[in-house]
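Data block below; observations after.
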Amino acid sequence: MSVYALAAFLSAPILGSLSDHFGRRPILIISLLGSSIGYLLFGLGNSIWMLFLGRIIEGLTAGEISTLYAYFADITEPNERTKVFGWMGALVGIGTTLGPIIGGLLAELGNSVPIFIGALFTFLNAVYGYTFMLESLPIKKRSVDLSFSHVRPFHQLQQLFKISSVIPLLTAGFAVWLAAGSLQSIFYQFSIDAFQWKAGLVGLSFSLIGILDTVSQLFIMPRLLKKFSEQQITRIGMFSEILAYLFITLSGILLLPILFLFGIICYGFGDSIFTTVFNGQLSNSVSDNQQGLVMGGTQSIQSLSRVIGPLIAGQLYAAAPFLPTVFGFLLMIFAYYHYNKK
């Protein structure tokens, strides 16, 4: 996971910036083709270097999600973007719910079968995009400058942080993603060590997060958007995540699975609505020819958190299993406070 995340950290801002210059369609197709090759190599891997190579290729071409966000930002009005991003979140939730179930069934035919099926569907997705997908970013709205700096990831991140409107958002966002990276890396082991859960029950708890994501986006988010501002919804999501880390911490101390379940519910709901509204605010804070840079840079920062978070969580978990969620709780308090200051 860390190899993939590190590769995505380096490539995401480059792919995002290139999509501002060349358009979303070619970058999306290249990303899908790269991912299908990465899946294929990972499935064929009979040595450690091939497994790593597959994951590295996947990470280096991991521009699908950020490019799709930029694509939909191009074709929707600013006041409609959060709603559209919510629909995207619902689809992700459905995939998170059904993916492990389908993968488990396919694995009965062989451990590599789910990976090969994933490679096939990703390739077919690229073919569909090449055949039917229209470009969303008109030439007149594209970034005009193209130089060697566009393929330097750290230069692109520097350019991102020159946009003053996104700095407070990304600072709060990094704290949220670092907390999430820490939690997700110990989730499986924590539930086994604390409650002696079997693998199937752990899988069901993961599926619960996906179900909550879908339900939140389809039924709760539309109602929230009618009653509250995007800033207020972001605060609601962050507060729900604060409660999640608190419940999960207490569940590890008191060894009460019911508190862990409450924590999962709060996390699934909070993360779902936070992510959607947060991406909408980021998108609306920049111009059309900066959408790729901002979405790609955001994905890069998220990937960095998935590298750092597990490293910190592993050390904390060795000291006490509940410490990673204490760390997450403190990060969420910081994020909530920093967001309210902006």
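Its first residue numbered 745, the sequence shown is counted upward by one per residue in this note's numbering.
In this text, a Cβ means the ideal position worked out from N, Cα and C, and glycines have one as well.
Excluding the five sequence neighbours on either side, which residues of its own chain have a C-beta within less than 6 Å of the C-beta of SER1031, listed in chain order? Counting only Cβ-Cβ distances below 6 Å, and skipping sequence neighbours, we find nothing.
Determine contact between the stretch 1049-1056 and the stretch 1015-1027, defined as no fewer than three beta-carbon pairs at a distance below 8 Å. In short, these stretches do not touch, since the Cβ pair count stays below three.
Short of 6 Å in beta carbon distance, which residues of its chain neighbour PHE753, apart from the five on each side in sequence? Order them along the chain. Taken in chain order, the residues that qualify are SER1044, SER1047, LEU1048.
Runs of alpha helix (DSSP H) wholly within the stretch 956-1014 (minimum 4 residues, chain order): Annotation: the stretch 956-1014 contains the following complete segments of the alpha helix (DSSP H) (minimum length 4 residues), in chain order: 965-971, 974-998.
Among the candidates VAL836, THR1069, THR805, SER810, whose CA atom is the shortest distance from the CA of ALA924? It is THR1069.
Grab the span of the alpha helix (DSSP H) containing GLY1072 for me, first residue to last. Looking at the DSSP string, the run of the alpha helix (DSSP H) that includes GLY1072 is 1067-1085.
Could you give the distance in angstroms between the alpha-carbon of ARG768 and the alpha-carbon of LEU904? It is roughly 18 Å from the alpha-carbon of ARG768 to the alpha-carbon of LEU904.
Buried or exposed for VAL920, please, with buried defined as at least 16 other CB atoms from any protein chain shown within 10 angstroms of its CB. VAL920 comes out buried.
Measuring alpha carbon to alpha carbon, tell me which of GLY1040, SER1029, ILE1008 ends up nearest GLN902. With distances taken between Cα atoms, GLN902 lies closest to GLY1040.
Going by other Cβ atoms of all chains shown within 10 Å of its Cβ, with 16 needed for buried, is GLN1035 buried or exposed? Classification of GLN1035: buried, given that the 10 Å Cβ count is 16 or more.
Closest to LYS970 by CA distance: which of ASN823, ILE819, LEU804, TYR813 is it? Taking LYS970 as reference, the option from ASN823, ILE819, LEU804, TYR813 with the minimal CA-CA separation is ASN823.
Look at GLN961 and GLY837 and say whether their C-beta atoms are less than 8 Å apart. Judged by beta-carbon spacing, GLY837 lies within the 8 Å limit of GLN961, meaning their Cβ atoms are closer than that value.
Tell me whether PHE905 sits in a helix, a strand or coil according to DSSP, three-state version. Coil.
CYS1010: which of SER949, PHE1066, LEU772 sits nearest, CA to CA? Looking at the Cα atoms, SER949 is the closest of the given residues.
Endpoints, the alpha helix (DSSP H) within which GLN940 is located: First-last for GLN940: undefined, no H or E at that position.
Please go through the stretch 804-874 and give each complete alpha helix (DSSP H) segment of 4 or more residues, from N-terminal end onward. Correct list: 808-819, 825-851.
Report the three-state DSSP secondary structure of ARG768 (helix, strand or coil). Correct three-state label for ARG768: helix.
Would you check if the distance between the CB atom of MET794 and the CB atom of LEU812 is smaller than 8 Å? Going by C-beta atoms, MET794 is not nearer than 8 Å to LEU812.
Reference TYR1083, options GLY1012, GLN976, ALA806, PHE1066, closest by Cα: Each of GLY1012, GLN976, ALA806, PHE1066 was checked against the Cα of TYR1083, and the nearest Cα belongs to GLN976.
Under 8 Å between the Cβ atoms of ILE846 and TYR783? No, these two residues do not count as a Cβ contact at 8 Å.
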